[in-house]
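Read top to bottom, the protein sequences are chains A and B.
When we follow our numbering, the leftmost residue of the first sequence carries the number 29, and every step to the right adds one.
When we follow our numbering, the leftmost residue of the second sequence carries the number 484, and every step to the right adds one.
Built from N, CA and C at the ideal position, the CB exists for glycine as well.
Step one of this worksheet: look at the structure below.
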Amino acid sequence: MNTLTEAFLQSFQLMITLDETLVEVVLLSLSVTFKAVSLACLIGLPLGTALAVLKFPGQKTLVVLFNSFMGLPPVVVGLVVYLILSANGPLGPLGLLYTPTAMIIAQTILVTPIIVAHSRQIIVLLAEEYDETLRSMQASRMDIMGTLLWDSRFSLFTTVLAGLGRAFSEVGAVMIVGGNINHFTRIMTTAIALQTSRGDLALALGLGIILLVLTISINALAYGLKTTWEKHSYA
Amino acid sequence: MTRILARWVGLVFLLLGTPAHSSDEYILLQSTTSTQNSGLYEFLLPHFEDVYGVKVKVVAVGTGQALYNGSRCNGDIVIVHSPADEREFVKAGYGIDPHNLMYNRFVIVGPSSDPAGIGKIETLQEAFVKLSKGLAPFISRGDDSGTHKKELSLWAKYEISPTGDWYYEVGSGMGATLNITVGLEGYTITDLGTWLSFANKSNHVILYENGSEMFNQYGIIMVNPDHCPNVNSEPAREFLNWMVSPMGQQLIAQYKIDGKQLFYPNASPKMYK
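The following block contains the structure:
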């Protein structure tokens, strides 16, 4: 039997029987990703909006920086977080290295620039459209930002999904700061890397198929939610 | 069928409730990859954890990185296989109580067609001379791991400088290196444990495995609590003592894949002058 067929069979078997280890790994993947993306949104959406609306010295530099940081190499982010959380590093006493929290920190750093850059882009366009109306209402800056953010909520869905995609599929950073510890910091992507290094390519690919199925399910769910929400708000 | 159903029901409950995080006592083991990839820990650690109530969390990296992580206090104990580096680690004050733990051997693997003709060779020196003719790619770990250091020491010993388009320094772990070796129909040097547990052998086989030079000694060292006050030294010492005890040693000898023993226990304290 070739590796591909075997991979499909293995992934189905693991999914249908709800293999205990698989469930554990999937749940941790989801938990780390959602927490990291939520944090990144909390930081990134206001920041993106501010960069779109406010004019201040250095604003353009910040825009360029955040655009560039979308391409931050995960391994480098992992190394920096490793050094900071290392026992004799600045945040060593917190004892966070090799914990899910360390993985969330690394992924938040990777996802935040994506949220900032994409949301700024979307809100800049909407701000132009709303410019006269908002000026005639003499709205405060806070109000302007709130309105723009709220009115672009449906377009921002894709932004969040881009962030989710980055976090969910990332392996380099979480491997370094999480340590891929069995039952503790092992997630889908690091499990795939481990099985590849064990030469069990069918299992590795099977896990990859499951990761893809999960990603598609999350996106389908998000799309469904978005359409329902949109219908209700314009009804 | 009922078990599968029970799991689905369990999953629903798990998603509804907050997952309970156990606050068990644990130690962090910085380890070379071969011991983890071979499945030894999955077999061995439950025996220790059940008796002592201490979880052992394993971070598997190359020997160089494991020792580096230990020197930065990110771990309570290390299991590695590069005697010279272990000595340095202890001499620098990063580690205490070094012990020999177990051994196996390094082997040269390559395609069964054996274009370099390693299979018919008597001595390791001849094998390395043949490999350096460049008739097929040689894949080097290139990552400062125990296996990499071993390989470099052998080239040096036979006064061969491994350069040329046949020599690939891949900077990867043993498993990734084996995947590349299989893909390129090349040769590489690997520890026996990783090779026996490696599932993607394709048409590759062991071509050379004799000689005292291919000896592969694993060591266990506690991270020095004087250098790293944060280490969990009590349970780490318990773990070390257990690993070198008759119980731990016997279990190491019992671990087999396809009826083949992967590691041979030989615990003894190491004395550095």
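Burial state of residue i, where buried means 16 or more other Cβ atoms lie within 10 Å
| i | result |
| --- | --- |
| B:S505 | Residue confidence is low: B:S505 scores 48 on pLDDT, short of 50, so the model does not pin down where it sits. Its coordinate-derived value is still stated next. The residue is exposed, with fewer than 16 neighbouring Cβ atoms inside 10 Å. |
| B:P718 | buried |
| B:V592 | buried |
| B:M726 | buried |
| B:H530 | exposed |
| B:E569 | buried |
| B:F589 | buried |
| B:W678 | buried |
| B:K613 | buried |
| A:D228 | buried |
| A:H260 | exposed |
| A:F94 | buried |
| A:E258 | exposed |
| A:M170 | exposed |
| A:A155 | buried |
| B:I510 | buried |
Within-9 Å CB hit, residue i to chain A
| i | result |
| --- | --- |
| B:N587 | no |
| B:K756 | no |
| B:T606 | no |
| B:V542 | yes |
| B:I663 | no |
| B:N707 | no |
| B:T516 | yes |
| B:N487 | Before going further, note that residue 487 of chain B is Ile rather than Asn in the sequence given. Taking Cβ atoms only, chain A reaches closer than 9 Å to B:I487, which makes this a yes. |
| B:R490 | yes |
| B:N583 | no |
| B:N749 | no |
| B:E508 | no |
| B:L511 | yes |
| B:E668 | no |
| B:E525 | yes |
Beta-carbon gap between residue i and residue j smaller than 9 Å
| i | j | result |
| --- | --- | --- |
| B:N713 | B:Y586 | no |
| B:H582 | B:S751 | yes |
| B:G669 | B:I622 | yes |
| A:M98 | A:I142 | yes |
| B:A619 | B:A639 | no |
| A:V152 | A:G191 | no |
| B:Y691 | B:I601 | yes |
| B:G629 | B:G545 | yes |
| B:K540 | A:N210 | yes |
| A:F240 | A:T31 | The sequence shown places Leu at residue 240 of chain A, rather than the Phe named in the question. Contact flag unset, no. |
| B:L523 | B:G676 | yes |
| B:F572 | B:L734 | no |
| B:Y577 | B:G553 | yes |
| B:I579 | B:I703 | no |
| A:I150 | A:L125 | no |
| B:S680 | B:S521 | yes |
| A:I237 | A:F36 | yes |
| B:F722 | B:V537 | yes |
| B:L512 | B:I560 | yes |
Test: residue i CB closer than 9 Å to a CB of chain B
| i | result |
| --- | --- |
| A:Y262 | no |
| A:G117 | yes |
| A:V199 | no |
| A:V202 | no |
| A:R226 | yes |
| A:N208 | yes |
| A:P121 | yes |
| A:L249 | no |
| A:F161 | Reading off the sequence shown, one finds Thr at residue 161 of chain A, where the question assumed Phe. So, not an interface residue. |
| A:F212 | yes |
| A:V53 | no |
| A:L125 | yes |
| A:L75 | no |
| A:L229 | yes |
| A:L192 | no |
Distance between beta carbons of residue j and residue i, contact taken as under 8 Å
| i | j | result |
| --- | --- | --- |
| A:A80 | A:I132 | Between A:I132 and A:A80 the Cβ distance is about 27 Å, and since that is not below 8 Å, they are no contact. |
| B:D674 | B:S517 | 5 Å |
| A:V109 | A:V205 | 5 Å |
| A:V53 | A:R214 | 6 Å |
| B:V665 | B:S685 | 5 Å |
| B:Y755 | B:K574 | 6 Å |
| A:G76 | A:R148 | 4 Å |
Proximity test, Cβ basis, 9 Å: residue i and chain D
| i | result |
| --- | --- |
| A:S114 | Of the protein chains in the structure, A and B, none is chain D. |
Along the stretch 648-659 of chain B, where does the CB come closer than 8 Å to a CB of chain A? Name the residues. G656, M657, G658 and A659
Using a Cβ cut-off of 8 Å, which residues of the stretch 681-699 of chain B contact any Cβ in chain A, in chain order? F681, A682, N683 and K684
**Item:** Residues, ordered as in the chain, of the stretch 545-572 of chain B that lie near chain A by beta-carbon distance below 7 Å
**Value:** R555, C556 and N557
Which of the residues in the stretch 31-47 of chain A, read from start to end, lie with their CB under 8 Å from any CB of chain B?
I44, T45 and L46
message = Give me the subset of the stretch 707-733 of chain B whose CB atoms are less than 7 Å from a CB atom of chain A, sorted by chain position.
response = C711 and N713
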